[in-house]
Every structure is written in structure tokens, then in C-alpha cells.
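Student: For the sequence shown, position 170 (counting from the first letter as 1) is numbered 170 according to the numbering used here, and the numbering increases by one without interruption.
Yeah, the Cβ is synthetic: ideal placement off N, Cα and C, and Gly gets one too.
None of the values given here were measured: they were computed from a predicted structure.
Would you mind keeping the following structure in view while I ask a few things?
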Amino acid sequence: VRVSLRTIVMDVPPQDVITKDNVSVKVNAVVYFRVMEPARAIVEVENYHYATSQLAQTTLRSVLGQVELDGLLSEREQLNQNLQQILDQHTDPWGIKVSAVEVKHVDLPPDMQRAMARQAEAEREKRAKIIHADGEYSASEKLSQAARVISTEPAAITLRYLQTLTEIASEKNSTVVFPIPIDLMHLLSPKKDDK
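In C-alpha cells, the structure reads:
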């Protein structure tokens, strides 16, 4: 019997996995292994290639079934390392060294894809509303500061009045309204003592 000592690349067929949070996904992977001790690979197991394939499939379902969907999608590197260590430990008595395991695809059900798209859209809207609210808050702070300056500096309101008149004059309107300054209104209004 001849045994290749080169690295063997083995596709793990798609496996139906139910994650810890009860989401059904289809996952496939690839396993890189090589025979380190040909005698043990022949004597200890009937068909080392088939045995490694079956072990990879069951380990893939077992390990990925212990994580939630978010972990499966975001912590793939850690999951790959866990899978590699478990497979390597179990194939060691057969004289086989598993050098790497890579999860290739995680296929989600269509309704889950739509739900995730809605969640992502809601997150974007949330961030936009927070940014808008921060802008409104900042603007109100600036207006409050401006009101304090105007209330303490009488010349500031006069400057604002003149600026407004300049803006009105630059517009091409046929009607121009001149606001009457508040100070002038106080002079024109009858005093309470005059009654």
C-alpha cells in the first residue's frame, strides 16, 4: 500500500448546523492534513481519508453548534483554530497531522438574510438620528450662548439688526419690512404711571 506524505486538501461537504441561538445554517469547510506516520495511518484506521472526512463533518457540526450566529460570522479565525486543534487531537493516534481547518461558507436562510438587512438598516438609521440629535444639541448650545451675549451687550442686538437689514436689502423682494427695535417700542408705549 502506498501512502502520500504530501499535504492533502479535503473539502468538507456542506453541513446543516443549528447554532446556539437556534438558527439553522449550512456550513462547509476545507481541511489541510498530512500523513506523518504511514504505518499507523494504515494499521490504526481502516481508511484514514474517509475517517478524517467523517470526523471533520461531525466536529464541524459539534463546534459550530455551540456558538451563536453572530459568533459564527465574526469569530471565524478562533473557530478555525478550535476545529484544527480538535481534529488534530483526534487524528493523532492515526499518525495524521491536521495543519489547518478553514470554514469556507456560511449560508443563511433567506428570511434570516432579510432580518439581518433590516437590522443593519435600523443600525444605520439609529446612528444617523444620534448624529442629527448631537447637531441639534450643539446648535441649541450655540444659540443659547448667542442669546446670553446679546442680552448682556446692547450693541450686539443693534449689529444683528443691521445685519438682518443688509440681508433683506440684498434679496430682490418688492416688499421690505423694517422691524422696530425693542428699545424704541419701550419709548413709544404708554407708561403704567400715565393712567
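(1) In or out: alanine 39 buried (at least 16 other Cβ within 10 Å) or exposed?
(2) Glycine 207: which of Tyr50, Leu83, Gln54, Ser53 sits nearest, CA to CA?
(3) In terms of DSSP beta bridges, what is valine 35 paired with?
(4) Locate the alpha helix (DSSP H) running through glutamine 84, then write down its first and last residues.
(5) In this structure, how does DSSP classify valine 63 when only helix, strand and coil are distinguished?
(6) Tell me lysine 26's beta-bridge partners as DSSP assigns them.
(7) With DSSP as the reference, identify every bridge partner of glutamate 102, one or two as the case may be.
(8) Given a cut-off of 9 Å, decide if valine 17 and valine 27 are closer than it, judged by their beta-carbon atoms.
(9) CB-CB under 7 Å to isoleucine 157, same chain, minus the five flanking residues each way: which ones, in chain order?
(10) Can you grab the Cα-Cα spacing for the pair isoleucine 42 / asparagine 22, in whole Å?
Tutor: This is what the structure gives:
(1) Looking at its Cβ environment, which holds fewer than 16 other Cβ atoms inside 10 Å, alanine 39 is exposed.
(2) The first residue shown for the chain is 1 and the last is 195, placing residue 207 beyond what the model contains.
(3) Valine 35 is bridged to Ile96.
(4) 76-91
(5) It is helical.
(6) Lysine 26 is bridged to Asp16, Asp107.
(7) Val30
(8) yes
(9) Ile150
(10) 40 Å
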